[in-house]
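Notes follow the structure.
In my numbering, the protein residues as written are 777 to 1061.
Listed below in structure tokens is the structure:
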């Protein structure tokens, strides 16, 4: 199968723990795009927090942000697709978070709003990378309908509260676990999978011609939708169970291995890998 569109999660998939992309992964992506294969990013992060990596990788295809709620052209910074949920839900969400003693963040117009910060600024800057506002009442502070909410807590807290969040809000919002510390809510029907389907149709690419790679539960929808769904070696159990193929971990350049095996092998993938290693310091050219 010749794949025409590759969707990549960021954190834990192409981004290592230090938020960098390995040279081998960058090189493989460069070679894939040189063949004319479209590459997009699909993240729970907001679009402004994704731009640096889209630019670093020279991605020109619209990117998927906010777990699939927004799709943006990275060249013109133009929003092509957006889903939001009603402001009427915010007061109820805020009261629920207060009662559960969890930190609630609300995303609206590429800004983050929170009533109580339980973590230092460095935590929010690392994970979210958006303008941040601490407010006294979330239900009165938002400038527009939200794109998503996020409950932040310990893994144990979120494991315990998750079923109650689903019971209270699951008929009105799409609830997804994006990280062991994050439980998110999105407009109904929103997922990385639904956004990838929209983008593939927009690009006139069939489902069978798409490849998606991720590592968390929030990636399962695009892993199962894609013609070839891949989970990283460091992926959650649910993501691995949904995948057609399990790659090495992010620290072991799993994305590069997938691209070399499924996209570059038929066109000299082995020799491309050898050329990459020849470029490394200390190796002969």
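Think of the CB as a built atom: it goes at the ideal place given N, C-alpha and C, for glycine as much as any other residue.
Residues 843, 844, 950, 952, 994, 997, 998 of the same chain have their beta carbon placed closer than 8 Å to that of residue 967, with the five preceding and five following residues left out of the count. Distance from the Cα of residue 911 is smallest, within the candidate group 859, 892, 1031, 920, for 892. Under the three-state reduction of DSSP, residue 779 is assigned to coil, being neither helix nor strand. Rounded to the nearest angstrom, the Cβ distance from residue 981 to residue 781 is 5 Å, consistent with a contact under 8 Å.
Contact check for residue 945 against residue 880 fails: the beta carbons are separated by 8 Å or more. Here residue 812 is exposed, its C-beta having fewer than 16 other C-beta atoms within 10 Å. Contact between the stretch 792-806 and the stretch 1017-1036 is present, with at least three C-beta pairs closer than 8 Å. Beta-bridge annotation (DSSP): residue 854 is paired with 849.
Contact between residue 816 and residue 838 holds, since their C-beta atoms are separated by about 7 Å, short of 8 Å. Membership of residue 807 in the alpha helix (DSSP H) is indicated by the continuous run 799-810. Taking each of 942, 883, 836, 1002 in turn and checking the Cα distance to residue 810, the smallest one comes out for 836. Per DSSP, reduced to three states, the secondary structure at residue 914 is helical. The count of Cβ pairs closer than 8 Å, one atom from the stretch 782-791 and one from the stretch 1016-1026, reaches three, so the stretches are in contact. Pairing residue 947 with residue 1009, the inter-Cα distance amounts to about 33 Å. Of the residues assessed, residue 954 falls on the buried side of the cut-off, its CB having 16 or more other CB atoms within 10 angstroms.
The criterion of a C-beta distance shorter than 8 Å is not satisfied by residue 822 and residue 908. Note that the C-beta distance between residue 888 and residue 906 is below 8 Å.
The alpha-carbon separation between residue 797 and residue 959 amounts to approximately 26 Å. In the three-state reduction of the DSSP assignment, residue 950 falls in the strand class, which pools E and B. Ranked by Cα distance from residue 868, the options 814, 916, 849, 829 are led by 916. Annotation for residue 848: 823, 838, 839, 841, 854, 855, 856 place their beta carbon closer than 8 Å to its own, counting only its chain and skipping 5 residues before and after. Contact between residue 987 and residue 1003 holds, since their C-beta atoms are separated by about 7 Å, short of 8 Å.
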